[in-house]
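First up is the structure itself, then whatever we jot down about it.
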Amino acid sequence: MRDKFANMFSWLLLTAVALVILYILKLLAPWWQPLLVSVLKVLLPFLAAGVFAYLLHPVIDFLERRRVNRGIAVGLVYLSFLIAGGIVVFFGAPLIEREVDKAVEGWPALESQVQEGMKWVKAKAAEFPGGVDEALERHTEALQDQASNLVDEVFEHWRALVEGFIFFLLIPFIVFYLLKDIRAFEKSVEQLTPARFQGEAKKLVQAVDHALGGYIRGQLLVSLTVALLSGLALWIIGVPYAVVLAIIIGLFDLVPYVGPWLGAAPAVMVSGTVSLSTALWTIGALVVIQQLESNVLSPYIVGRSVHLHPLIILLALLFGFEFGGVVGLIVAVPLVVVIAEVIRVWQEPVNDSF
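One gets the numbering used here by counting positions in the sequence shown from 1 and adding 39 to each.
Here is the structure:
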């Protein structure tokens, strides 16, 4: 019983210290945030490459266990993905291009229909007491201003577009060297670690690698599955721009819990411009897919490698968005996964024979 209370007190103390540190960081944000942004710009290609390396690492290990030279294995995997990517681009690019062209051409009419719908909603909201219509008016105007400024910002920030292009060019090269020379990296880290800590360090690295790799691979697989199911459902229902909307749903699905609902919003809005029944069918289909993800896909694919309470994940998302915006939302859960594994390994007794 005493150990239980001591453990609980340790967790409460650790939580309190973490909250104090976060509060201090929030106060000092004007000083450290510009530096952090610059560092992230440099590290972002390496972080993205690390994600792809995690995806391909099991395949490379499988080939290496079959006595295939690691460099040759990486080359074979790259060649396979190049061929597969070429096939996808050959057949998929024209479809996506047509969808995007249709979306661009139909945007004025779609915007007009959405505005008419918002007028109807505001007219109905005016019938409610408590200033609901005024609050809705303020939020609608703010949303319209942000949407109108988005295109201007894209053209103004040409430098960011160039940086993004260079960023995507660097990723394949970084992934290649990460996969090819991972054993050399592991040996270097082992040599830099003091001999008496090598067993514990190896155990920690393996635990983090298993949990983080499982989360990244699982989350990407779940998001891809959700995107495919959503695209198929939208196409069957007859929602315009089904491919583009499915891609949006899949990208937002990378953010746990809140992402699926945010990604579904554009699909519901577009379906509402067709008819009320189409919107209702779209809502029903996306809710079914979301429930399938929550109760089957995520627990089976991601849940085996990530053992975190939903409240901890939601708290991580809130802090991630507060400190890092959209990027913070994406990296919050992987960061918590790493921290949780570090704490778990730290609490376990060291096994020198590991």
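All C-beta atoms in this analysis are idealised placements derived from N, C-alpha and C, irrespective of residue type, glycine included. Everything numeric in this text was worked out from a predicted model, so none of it was measured.
Nearest Cα to residue 270 within the set 328, 234, 245: 328. Between residue 376 and residue 254, the beta carbon gap of about 5 Å places them in contact (Cβ cut-off 8 Å).
Counting only runs of at least 4 residues, the stretch 314–338 fully encloses the following alpha helix (DSSP H) elements, listed from N- to C-terminal order: 315–331.
Straight-line measurement puts the Cα of residue 82 at about 26 Å from the Cα of residue 58. Look at residue 348 here: in three-state DSSP terms it is coil, with no helix or strand label.
In this structure, residue 92 lies away from residue 273, with their beta-carbon atoms at least 7 Å apart. The residue among 316, 324, 309, 296 with its C-alpha nearest the C-alpha of residue 356 is 296.
Per DSSP, the continuous alpha helix (DSSP H) segment holding residue 283 begins and ends at 281–291. Annotated three-state conformation of residue 100 is helix, per DSSP. The stretch 292–307 and the stretch 317–328 touch, with no fewer than 3 CB-CB distances between them shorter than 8 Å.
Per the coordinates, the alpha-carbon of residue 352 lies some 29 Å from the alpha-carbon of residue 206.
Using a C-beta cut-off of 8 Å, the stretch 261–270 makes contact with the stretch 279–289, since at least three inter-stretch Cβ pairs fall below that distance.
Apart from the 5 residues on each side of it in sequence, residue 303 sits with its Cβ closer than 6 Å to the Cβ of 325 in its chain, given in chain order. If you look at residue 247, you'll find it in the alpha helix (DSSP H) that goes 237–276. Rounded to whole angstroms, the Cβ separation of residue 214 and residue 371 is 23 Å, and the two are not in contact under 8 Å. DSSP places residue 234 outside any alpha helix (DSSP H), giving it a letter other than H or E. For residue 54, the three-state secondary structure derived from DSSP is helix.
Secondary structure at residue 67: coil, using DSSP grouped into helix, strand and coil. Ranked by how close their Cα comes to the Cα of residue 84, the residues 307, 60, 210 have 210 in first place. One thing to note: residue 368 has its Cβ no nearer than 7 Å to the Cβ of residue 265.
Distance check between residue 117 and each of 221, 384, 96 places 96 closest, using alpha-carbon atoms only.
DSSP places residue 305 inside the alpha helix (DSSP H), whose first and last residues are 297–311.
Assigned with DSSP and collapsed to three states, residue 366 falls in helix. Contact between residue 341 and residue 257 holds: CB atoms are separated by about 4 Å, below the 8 Å threshold. One thing to note: residue 112 has its Cβ within 7 Å of the Cβ of residue 102. Annotation: residue 358 to residue 53 spans about 16 Å, alpha carbon to alpha carbon.
Within the model, the alpha-carbon separation for residue 334 versus residue 261 is close to 12 Å. In the three-state scheme derived from DSSP, where H, G and I count as helix and E and B as strand, residue 214 is classed as helix.
By the neighbour-count criterion, in which a residue is buried when 16 or more other Cβ atoms sit within 10 angstroms of its Cβ, residue 251 is buried. Excluding its 5 nearest sequence neighbours in each direction, residue 337 has C-beta neighbours in its own chain below 7 Å: 261, listed in chain order. A Cβ-Cβ distance of about 6 Å is found for the pair residue 280 and residue 309, placing them in contact under the 8 Å criterion. Excluding residues up to 5 positions away in sequence, 246, 247, 250 lie with their Cβ nearer than 7 Å to the Cβ of residue 380 in the same chain.
With contacts defined as CB atoms closer than 7 Å, residue 275 and residue 320 fail to qualify as a contacting pair.
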